[in-house]
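S.K.:
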């Protein structure tokens, strides 16, 4: 007998069909990127983290997790360091929109009516919105009007009390947290074998002028690729983030999809 799993792609298709054909089981789609995250972390951080949040949430609400998108939109200099770093491998906006639109429509074809996009890469945001708008429009043309899609980025569930614990010396904003305390703390708790904190470069927070220039100016970005220092990251801070973000996402999906607790309350 196949082992119990929340990952849709690990299931035989008849088992998957039984779960989703009624439309009651939500499907969570992690959306990430391949992007540099400094000297101390791998380039698939933005895939690992939303996938793990999706897994934890799915176990609590009885949902399934789709295979993640491993490429995302181009890294923006003020939020991801810039697309000019070697290794950062990105999609054009139209490519991401069309791929996500197709995947959403496919899950609806299977019977899914509640979907959640779990975003792990800031620059994906507007392209997710466009993909969903086009998918819902095209589904509507086919007479399908009962689909609901929740879009969220896990860091938006970090409340003020948690921010004060994570950043006792002051919080400078999510826009310069690329490769900083938040992502590094989560990786230290979830994937410590992939983090080399001793290789992290400590530097002052990046500062940018109130405008953008194209082509980007690499000299605006700290040479490390991170936009703030990760040196204050700890696994214990990762625990705070896992708890508050998972709870927030669970509450959001229970509210929007009218869900009760799933078959497992495990972490």
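Numbering (our numbering), first residue to last: -2 to 264.
C-beta: ideal position from N, C-alpha, C; glycine also.
Keep in mind it's a predicted model, so treat the numbers as computed, not measured.
(1) Identify whether residue -2 lies in helix, strand or coil by the three-state DSSP scheme.
(2) Between which residues of its own chain and residue 110 is the CB-CB distance below 6 Å, once the five residues before and five after are set aside?
(3) Check whether the Cβ atoms of residue 17 and residue 140 sit closer than 7 Å, and answer yes or no.
(4) Determine the burial state of residue 225: buried for a count of at least 16 other Cβ atoms within 10 Å of its Cβ, exposed for fewer.
(5) Could you check what DSSP says for residue 27 in three-state terms: helix, strand or coil?
(6) In this structure, how does DSSP classify residue 150 when only helix, strand and coil are distinguished?
(7) Do residue 238 and residue 149 have their C-beta atoms closer together than 7 Å?
(8) With residue 46 as the anchor, note down where its beta strand (DSSP E) starts and where it stops.
(9) Hey, quick one: how far does the beta strand (DSSP E) through residue 133 stretch, first residue to last?
(10) Can you look up residue 67 in the DSSP assignment and give me helix, strand or coil?
(11) Kindly indicate which three-state DSSP category residue 119 falls into: helix, strand or coil?
(12) Taking the alpha helix (DSSP H) that residue 253 falls in, what are its first and last residues?
(13) With C-beta atoms as the reference, is residue 118 less than 7 Å away from residue 43?
(14) The alpha helix (DSSP H) that contains residue 108, what's its start and end?
(15) What ranges does the beta strand (DSSP E) occupy inside the stretch 136 to 209, keeping only unbroken runs of at least 3 residues that lie completely in it?
(16) Hey, residue 200 and residue 77: beta-carbon distance below 7 Å or not?
(17) Looking at the structure shown, is residue 81 part of a helix, part of a strand, or coil, going by DSSP?
(18) With 16 other CB atoms within 10 Å as the buried threshold, where does residue 208 fall?
(19) Can you tell me whether residue 88 is helix, strand or coil according to DSSP?
(20) Which first and last residues belong to the alpha helix (DSSP H) in which residue 13 is found?
(21) Apart from the five residues on each side of it in sequence, which residues of its chain come closer than 6 Å, Cβ to Cβ, to residue 146?
(22) Going by CA-CA distance only, name the one from 256, 241, 82 that's closest to residue 215.
M.R.: So, to answer that:
(1) With a pLDDT of 42 at residue -2, under the threshold of 50, the predicted position of this residue should be treated as unreliable, though the coordinate-derived value follows. Looking at residue -2 - three-state DSSP - the assignment turns out to be coil, as it is neither helix nor strand.
(2) Answer for residue 110: 20, 143, 144, listed in chain order.
(3) With contacts defined by Cβ atoms closer than 7 Å, residue 17 and residue 140 do not form a contacting pair.
(4) Residue burial is scored here from C-beta neighbours: residue 225 has at least 16 other C-beta atoms within 10 angstroms and is therefore classed as buried.
(5) Three-state result, residue 27: strand.
(6) DSSP, reduced to helix, strand and coil, places residue 150 within a strand of the structure shown.
(7) Not a contact, by the Cβ cut-off of 7 Å.
(8) Element bounds for residue 46: not the beta strand (DSSP E) but the alpha helix (DSSP H), 42 to 58.
(9) Residue 133: not part of any beta strand (DSSP E); member of the alpha helix (DSSP H) spanning 122 to 138, first to last residue.
(10) Residue 67 falls in the coil class under three-state DSSP.
(11) Helix, per DSSP.
(12) Judged by DSSP secondary structure, residue 253 falls within the alpha helix (DSSP H) whose first and last residues are 232 to 254.
(13) In contact: residue 118 and residue 43 (Cβ atoms closer than 7 Å).
(14) Where residue 108 is concerned, there is no enclosing alpha helix (DSSP H), given that its DSSP letter is neither H nor E.
(15) The DSSP assignment places complete beta strand (DSSP E) segments of no fewer than 3 residues inside the stretch 136 to 209 at 145 to 150, in order along the chain.
(16) It is not a contact, given that the beta carbons lie outside the stated cut-off.
(17) If DSSP states are grouped into helix, strand and coil, residue 81 belongs with coil.
(18) With fewer than 16 other Cβ atoms inside 10 Å of its own Cβ, residue 208 counts as exposed.
(19) In the structure shown, residue 88 sits in a strand (DSSP, three-state: E or B).
(20) In the DSSP assignment, residue 13 falls within the unbroken alpha helix (DSSP H) covering 10 to 17.
(21) Beyond the five residues adjoining it in sequence on each side, residue 146 comes within less than 6 Å, by CB distance, of 112, 129 in the same chain, given in chain order.
(22) Comparing C-alpha distances from residue 215 to each of 256, 241, 82 shows the shortest one belongs to 82.
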